[in-house]
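Quick mapping for you: the protein sequence lines, in order, are chains A and B.
Taking this note's numbering, the leading residue of the first sequence gets 1, the next gets one more, and so forth.
Taking this note's numbering, the leading residue of the second sequence gets 228, the next gets one more, and so forth.
For glycine and all other residues, C-beta sits at the position ideal for the given N, C-alpha and C.
The structure under discussion appears below in the form of structure tokens.
There are 2 protein chains.
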Amino acid sequence: MAQKKSRPAVVLLSGGLDSATALALAKSQGYLLYALTFDYGQRHRAELEAAGKIADTVGVVEHRVVTLDVGWMGGSALTDNEIAVPQQPGEGIPVTYVPARNTIFLAVALAWAETLVARDIIIGINAVDYSGYPDCRPEFLEAFNALAALATRAGVDGRTIRVLAPLMDMDKAGIIRTGDRLGVDYALTLSCYNPDNAGRACGHCDSCRFRAQGFAEAKVADPTRYH
Amino acid sequence: MAQKKSRPAVVLLSGGLDSATALALAKSQGYLLYALTFDYGQRHRAELEAAGKIADTVGVVEHRVVTLDVGWMGGSALTDNEIAVPQQPGEGIPVTYVPARNTIFLAVALAWAETLVARDIIIGINAVDYSGYPDCRPEFLEAFNALAALATRAGVDGRTIRVLAPLMDMDKAGIIRTGDRLGVDYALTLSCYNPDNAGRACGHCDSCRFRAQGFAEAKVADPTRYH
Chain A
1 MAQKKSRPAV VLLSGGLDSA TALALAKSQG YLLYALTFDY GQRHRAELEA AGKIADTVGV
61 VEHRVVTLDV GWMGGSALTD NEIAVPQQPG EGIPVTYVPA RNTIFLAVAL AWAETLVARD
121 IIIGINAVDY SGYPDCRPEF LEAFNALAAL ATRAGVDGRT IRVLAPLMDM DKAGIIRTGD
181 RLGVDYALTL SCYNPDNAGR ACGHCDSCRF RAQGFAEAKV ADPTRYH
Chain B
228 MAQKKSRPAV VLLSGGLDSA TALALAKSQG YLLYALTFDY GQRHRAELEA AGKIADTVGV
288 VEHRVVTLDV GWMGGSALTD NEIAVPQQPG EGIPVTYVPA RNTIFLAVAL AWAETLVARD
348 IIIGINAVDY SGYPDCRPEF LEAFNALAAL ATRAGVDGRT IRVLAPLMDM DKAGIIRTGD
408 RLGVDYALTL SCYNPDNAGR ACGHCDSCRF RAQGFAEAKV ADPTRYH
């Protein structure tokens, strides 16, 4: 059994499968959970509802949804209605990449961690399935941690805040097995890039494919609802 | 004369003296200016009005005010009504430090720069007068630039976006002399931590003192209005 910690942690919670698993993992380690979700103009609002349900079910001290009006920038299929979500994996960085998204999310999390006097920020990124995203790589995380040590009063005072990515080296099946063991209710999570208003998945986008394949490989029953 | 550049740059514009000078400097270098201001729950709303007037006067392609609701975090005299703005300089990091503020601002600027296909972000920080702020130091800037190279699609594609801080090594008098030469209308700028609703300065806070001393040392007429 993991060592119990009664320390606060800020956990980034998108409403997806990965962050729900990271939240449950942090809970099992005894952290006091401060969940942070962003309303950044994403096309699928069902994601925000999913995050709320997951936070309620796992049990957090506080869940904040921070509105960040960066959707006007465009540049991503996840925020720009004029860029179609692809039905097939492509080459290189996916069009679902949102410019500097994880940098922005972690910067806000860093501010909250500092005011909470928390030392740990937990993010559910992983480099295995989504290697196309520059801000999901271990080297991105290391660079952010180097920045965090310099950017804050906490860092100057020797209370360095660090970002932990406990799922970094897991594939989708490994993440699902981990969450299943911890009792994560994956029916509450939404991975699809193109869900309907009821939060049902398309079954065709990259994210749906990785998810379905992950459940199959993990030999865990897949509760995903499709439209 | 500086070489003319017809490249876009994102310029952080707070409404204060430093960022107004950085904006004018970028203009003189021929950049196409995209000014970025944050409404982050700062107690003095007059700052936002000042930013708008400065952007209009200098002439920018676009001026965006991004709302970022992080004021609920508290932790700074600039966003929290329960922390008084000090009338005397103290030891160490000032209570006017806003947790991770420049990290958040630069992260959003990085996203905008990436969508604009801009390579340069310009920020008016300087390490001389405000050495107490961790996120105004050269080492902070270097760490952010190292992160930016890894965090974006642009970085992966070899179009690294970098943050420039042209005022980094100037003291307040040097900044004022530079801006005066470039025709900056400092009457439009607001430095005070505790202005009245009409945007008139208190004359007593750290920021007012540095400003008044800067004008005196620069031998430039000080247009600041006090309440």
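None of the residues of the stretch 157-170 of chain A has a beta carbon lying less than 7 Å from any beta carbon of chain B.
For Ile349(B), not one C-beta of chain A is nearer than 8 Å to its own C-beta.
Against Phe144(A), the close residues of chain B are Leu374, in the order they occur along the chain (beta-carbon pairs closer than 7 Å). For Phe442(B), the closest Cβ of chain A is not nearer than 8 Å. Looking at the backbone, the Cα of Val238(B) and that of Leu260(B) are separated by about 7 Å. Taken in chain order, the whole beta strand (DSSP E) runs of length 3 or more contained in the stretch 131-181 of chain A are 162-164. Secondary structure note for Asp18(A): its alpha helix (DSSP H) is the uninterrupted segment Leu17 to Ser28. At a cut-off of 8 Å between beta carbons, Thr294(B) contacts chain A. Residues of the stretch 331-347 of chain B with a C-beta less than 7 Å from any C-beta of chain A: Ile331, Ala334, Val335, Leu337, Ala338, Trp339, Glu341 and Thr342, listed in chain order.
The residue from Asp423(B), Ala439(B) and Pro450(B) with its alpha-carbon nearest to that of Ala273(B) is Asp423(B). By the criterion of at least three beta-carbon pairs nearer than 8 Å, the stretch 150-158 of chain A is in contact with the stretch 361-371 of chain B.
With fewer than 16 other beta carbons inside 10 angstroms of its own, Arg408(B) counts as exposed.
Contact note: Asp135(A) reaches chain B through Ala378, using a C-beta cutoff of 7 Å and chain order. Ala338(B): member of the alpha helix (DSSP H) spanning Arg328 to Leu343, first to last residue. Phe367(B) reaches chain A at Leu150 and Ala151, counting residues in chain order whose Cβ is nearer than 7 Å.
In summary, Pro450(B) is exposed, with fewer than 16 beta-carbon neighbours lying within 10 Å of its beta-carbon over all protein chains present. In the assembly as shown, Trp112(A) is a buried residue. Its beta-carbon has 16 or more other beta-carbons within 10 Å. For Ala327(B) against Glu114(A), the beta-carbon gap comes to about 6 Å, under 8 Å, which counts as contact. By DSSP's assignment, Val292(B) forms a beta bridge with Thr264(B).
In the structure shown, the three-state DSSP call for Tyr413(B) is helix. Three or more pairs of CB atoms, one per stretch, sit closer than 8 Å, so the stretch 284-297 of chain B contacts the stretch 47-67 of chain A.
Within its own chain, the residues whose Cβ lies closer than 8 Å to the Cβ of Gly59(A), once the five positions on either side in sequence are excluded, are Lys27 and Leu33, listed in chain order. With 16 or more other CB atoms across the displayed protein chains lying within 10 angstroms of its CB, Lys399(B) is buried. When DSSP states are grouped into helix, strand and coil, Leu275(B) belongs to the helix group. Below the 9 Å Cβ cutoff, chain B contributes Pro361 as neighbours of Gly155(A), in chain order. DSSP lists Leu32(A) as the bridge partner or partners of Pro8(A).
Gln213(A) is the residue among Ala198(A), Asp157(A) and Gln213(A) whose C-alpha sits nearest the C-alpha of Arg177(A). Within the same chain, and ignoring the five residues on either side of Ala262(B) in sequence, the residues whose Cβ sits closer than 6 Å to its Cβ are Val238, Leu240, Ala282, Val287 and His290. Here Ile348(B) carries a strand assignment [DSSP, helix/strand/coil]. Contact between Ala51(A) and Tyr31(A) is absent: CB atoms are separated by about 17 Å, not below the 8 Å threshold. Taking 8 Å as the cut-off, the Cβ atoms of Ser418(B) and Cys429(B) do not count as close.
Nearest Cα to Pro393(B) within the set Leu252(B), Asn329(B), Ile331(B) and Leu415(B): Leu252(B). With its beta carbon less than 8 Å from one in chain A, Val297(B) belongs to the interface. Counted as a single uninterrupted DSSP element, the stretch harbouring Cys202(A) is not any alpha helix (DSSP H), since DSSP gives it neither H nor E.
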